[in-house]
Each structure stands twice: as structure tokens, then as C-alpha cells.
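Some notes on the structure that comes next.
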Amino acid sequence: MDEPVTMADIRKRTSLNEDKRHYQFKKLEKAGLIEITYNEWGGTSTAPMKQATLTKSGEELLDSGFLDENTSEFERANVDVVELSSEVKELRETIEGLRTSITENVYEPMVANQEQINELEEQLSD
Numbered sequence: 052m053d054e055p056v057t058m059a060d061i062r063k064r065t066s067l068n069e070d071k072r073h074y075q076f077k078k079l080e081k082a083g084l085i086e087i088t089y090n091e092w093g094g095t096s097t098a099p100m101k102q103a104t105l106t107k108s109g110e111e112l113l114d115s116g117f118l119d120e121n122t123s124e125f126e127r128a129n130v131d132v133v134e135l136s137s138e139v140k141e142l143r144e145t146i147e148g149l150r151t152s153i154t155e156n157v158y159e160p161m162v163a164n165q166e167q168i169n170e171l172e173e174q175l176s177d
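Number 86 in this note's numbering belongs to position 35 of the sequence shown; there are no gaps in the numbering.
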């Protein structure tokens, strides 16, 4: 699939409305499966039309058979769940690290400073 696919091509070949086409393009681009470019002004639109070209990752996924009709949605979902689980674990570790850092470097010194301020205020009022 060397030729770029335009929004017009997608419109002709699917029943997706315009919002869904744009959403799917964004989703595929964010996943690194397609690269979006814009062709010259043309067609009936007043703006350049989006074109999508498969990236190396997109070609590999397509060649793997992962997107074939015979691959069940459950099989596809399992891959996503595994990836998401890994990402969630990493994010939790990052959050825990940030929590520890904030506690040690911000909260605890702030509490100590407040205690010193309170002591100084007491001394001044005596």
C-alpha cells in the first residue's frame, strides 16, 4: 500500500461520517500507524485534503495479519489490554515516585518551616 489514501477514498469505501473519519485518522496517527499529509487544494473542498500513508509500524501490523477479518475483536482487545496494563503500571510507579519526592522535598520541609515559624512567633509574643 504505497499510495496515500485520502479522506475522499475513505468516504467512498466506508460508511463512516466525516467526524468518525477524522477521529480514526487522529487515532491511527497517534498510534504511529499512519502519517498524515495534505495534498494540494483540490476537489470540492476549500481546504487541502488529508492523505494517510502507512508507517513502517502500520505496514508491519497489516502484514502480521492482526487486522484480518479472521482475527477476532477479543484477540485485538487482549493486545491492547496487555499494553495498557504495562502503561498503567509505569504510570503508577511514576506517581508513587512523585508522591515520595513531593513528600520528602516539599511537604516535610514546609511542615518543619511552619513549626519554626510558630516557635518564633511564640518567642516574639513573650
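By construction, the Cβ of each residue, glycine as well, lies at the ideal position given by its N, Cα and C atoms. Model, not experiment: these values are computed from the prediction.
Is the Cβ-Cβ distance between G83 and S115 less than 8 Å?
Counting from 1 along the sequence shown, the entry for residue 83 is found at position 32. Counting from 1 along the sequence shown, the entry for residue 115 is found at position 64. No, Cβ-Cβ distance for G83 and S115 is not below 8 Å.
Can you tell me whether DSSP reads A103 as helix, strand or coil?
In the sequence shown, counting from the first residue as 1, residue 103 sits at position 52. Strand at A103.
Could you compute how far the alpha carbon of E69 sits from the alpha carbon of T145?
To locate residue 69, count along the sequence shown from 1; it is residue 18. To locate residue 145, count along the sequence shown from 1; it is residue 94. Between E69 and T145, the C-alpha separation is close to 38 Å.
Between P55 and the rest of its own chain, which residues show a CB-CB distance below 6 Å, the 5 nearest in sequence each way excluded?
The residue given as residue 55 occupies position 4 in the sequence shown. Excluding residues within five positions, the ones whose Cβ falls inside 6 Å are Q102 and T104.
How far does the alpha helix (DSSP H) with E159 in it reach, from first residue to last?
As a first step, residue 159 is located in the sequence shown; it is residue number 108 there, counting from the start. Unbroken alpha helix (DSSP H) run through E159: E159 to S176.
Which first and last residues belong to the beta strand (DSSP E) in which E86 is found?
The residue labelled residue 86 in the question sits at position 35 within the sequence shown. Where E86 is concerned, the enclosing beta strand (DSSP E) stretches over I85 to Y89.
What does V139 pair with, by DSSP beta-bridge criteria?
Locating residue 139 in the sequence shown gives position 88, where the first residue counts as 1. Its beta-bridge partners do not exist; DSSP assigns none.
For the alpha helix (DSSP H) containing E69, list its first residue and its last residue.
The count along the sequence shown starts at 1 and reaches residue 69 at position 18. Segment E69 to K81, the alpha helix (DSSP H) holding E69.
Measuring alpha carbon to alpha carbon, tell me which of T65, N90 and M58 ends up nearest K77.
Working through the sequence shown from its first residue, we reach residue 77 at position 26. With distances taken between Cα atoms, K77 lies closest to M58.
Can you tell me whether I168 is buried or exposed, with buried defined as 16 or more other CB within 10 angstroms of its CB?
Stepping through the sequence shown from its first residue, residue 168 is reached at position 117. That one is exposed.
Kindly indicate which three-state DSSP category T57 falls into: helix, strand or coil?
The residue you call residue 57 lines up with position 6 of the sequence shown. In the structure shown, T57 sits in a strand (DSSP, three-state: E or B).
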